[in-house]
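Engineer: Taken in order, these protein sequences are the chains called A and B. Just so we're aligned, residue 1 is where the first sequence starts under the working numbering, counting upward by one. Just so we're aligned, residue 1001 is where the second sequence starts under the working numbering, counting upward by one.
There are 2 protein chains.
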Amino acid sequence: MMATHYTRDNLAAVLRAHDITPTHQRIEIAYALFSRAEHLSADQLLAIVNGRHSETSKATVYNTLNLFLEKKLIREVIVDPSKVFYDPNTAPHHHFYNIDTGELTDIQASEIAISGLPQLPEGMVTEGVDIIVRIRSGVRAEPVGSVQS
Amino acid sequence: MMATHYTRDNLAAVLRAHDITPTHQRIEIAYALFSRAEHLSADQLLAIVNGRHSETSKATVYNTLNLFLEKKLIREVIVDPSKVFYDPNTAPHHHFYNIDTGELTDIQASEIAISGLPQLPEGMVTEGVDIIVRIRSGVRAEPVGSVQS
DNA sequence: ACTTAGAATTAGACACAGTCTAAGCAATCC
DNA sequence: GGATTGCTTAGACTGTGTCTAATTCTAAGT
Chain A
1 MMATHYTRDN LAAVLRAHDI TPTHQRIEIA YALFSRAEHL SADQLLAIVN
51 GRHSETSKAT VYNTLNLFLE KKLIREVIVD PSKVFYDPNT APHHHFYNID
101 TGELTDIQAS EIAISGLPQL PEGMVTEGVD IIVRIRSGVR AEPVGSVQS
Chain B
1001 MMATHYTRDN LAAVLRAHDI TPTHQRIEIA YALFSRAEHL SADQLLAIVN
1051 GRHSETSKAT VYNTLNLFLE KKLIREVIVD PSKVFYDPNT APHHHFYNID
1101 TGELTDIQAS EIAISGLPQL PEGMVTEGVD IIVRIRSGVR AEPVGSVQS
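Rendered as structure tokens:
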């Protein structure tokens, strides 16, 4: 997952390497995600993939994204209560989330360390640690009243 | 927000202190949240509040939760792609999320420290940092194949 | 207590993300 | 080329959350 440039061909190989039969639809969806290296919702992907002429159904987009997730080709980012974002970057990292614009930005995990996490409950195992830093533009444009610190 | 026992009366006072007119419905919803000190969804709250006889509509539950959020009486926890949980604990803290059962458990923020967070983008301000540790029971019950480490 | 204006509540329609179903298509294997 | 398997599809469906327009409540003033 560190190629500098993605083509349909090398994406097909990536899919195969992850045990996914590379169909046209899956390749297009993978291409949309990896060539942009952005955080996209199912909705946005559906629109991108069907940009010129309709090629892929809603069901396939969801099926494919869930398959990619299962095969650990992508990650999901849950920050917006109304929709899930899909992240082609599976390297450990975290996110800034701009609560005004909805924009998601990566934070390299290599730079951060968390200390003091308590013991996991008995018999439990960590699946992953997500850090979300919610940010907004600095100048407060509050309608009325004082800000309670 | 540190009373040891919540009554409808002292919750009405809490609401007033947060600039919220304490109506019957709002008090019941607050009572449901604070007396249990649990993470509840709008759905669950609607069911709890209307337990014996129907008292509160769906719209009011949503209106009220959003009002409580705005007035910083509660927090929302976004971990499940399908629904938001509301958290009566507004003290800084984080969460374990059991991805199998959906169970949410608190992690005291006082115990943890994060180092190495990069500079915020220009002109941005932190609204909050959420850490979610996704966990599951340790013994893997995978249907087929090897676990890719 | 009574009035009243503004705020809160309501039922039900609506919007939208995501899932499901049953049928159609495509690729591969004999 | 016929059959088996797996993929895709349209469209129905589910569930969360919002909106609207009408009704009811609350609190302040008299």
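Where a beta carbon is used, it is the ideal one built from N, C-alpha and C, also for glycine. Small disclaimer: the values here were computed from a predicted structure and weren't measured.
Helix, strand or coil, according to DSSP, for A/Glu70 in the structure here?
Structural biologist: helix
Engineer: In or out: B/Leu1120 buried (at least 16 other Cβ within 10 Å) or exposed?
Structural biologist: exposed
Engineer: Residues in the same chain with beta-carbon distance under 8 Å from A/Leu11, minus the five sequence neighbours each way, listed in chain order, please.
Structural biologist: Pro22, Ile27, Ala30, Tyr31, Phe34
Engineer: Take the Cβ of A/His53 as the centre, count every other Cβ of all protein chains shown within 10 Å, and call the residue buried at 16 or more, exposed below.
Structural biologist: Counting the other CB atoms within 10 Å of its CB gives A/His53 a total below 16, which places it among the exposed residues.
Engineer: When you compare only the Cα positions, how much space is there between A/Leu104 and B/His1095?
Structural biologist: 21 Å
Engineer: Grouping DSSP H, G and I as helix and E and B as strand, with all else coil, what is B/Asn1063?
Structural biologist: If DSSP states are grouped into helix, strand and coil, B/Asn1063 belongs with the helices.
Engineer: CB-CB under 6 Å to A/Pro92, same chain, minus the five flanking residues each way: which ones, in chain order?
Structural biologist: Ala109
Engineer: Taking 6 Å as the limit between beta carbons, can you name the residues of its chain near A/Ile135, skipping five residues before and five after?
Structural biologist: Phe96, Asn98
Engineer: At a Cβ threshold of 8 Å, is A/Thr64 touching chain B?
Structural biologist: No, A/Thr64 does not count as interfacial toward chain B.
Engineer: Name the two residues that bound the continuous beta strand (DSSP E) containing B/Val1079.
Structural biologist: Unbroken beta strand (DSSP E) run through B/Val1079: 1075-1080.
Engineer: Using CA atoms only, rank isn't needed, just tell me which of B/Ala1017, B/Glu1038, B/Lys1071 is closest to B/Met1102.
Structural biologist: Per the sequence presented here, residue 1102 of chain B reads as Gly, with Met not at that position. Minimum Cα distance to B/Gly1102 is reached at B/Glu1038.
Engineer: Tell me which residue opens and which closes the alpha helix (DSSP H) that B/Gln1025 is part of.
Structural biologist: 1024-1036
Engineer: Which class does B/Arg1134 belong to by DSSP, given the choice of helix, strand or coil?
Structural biologist: strand
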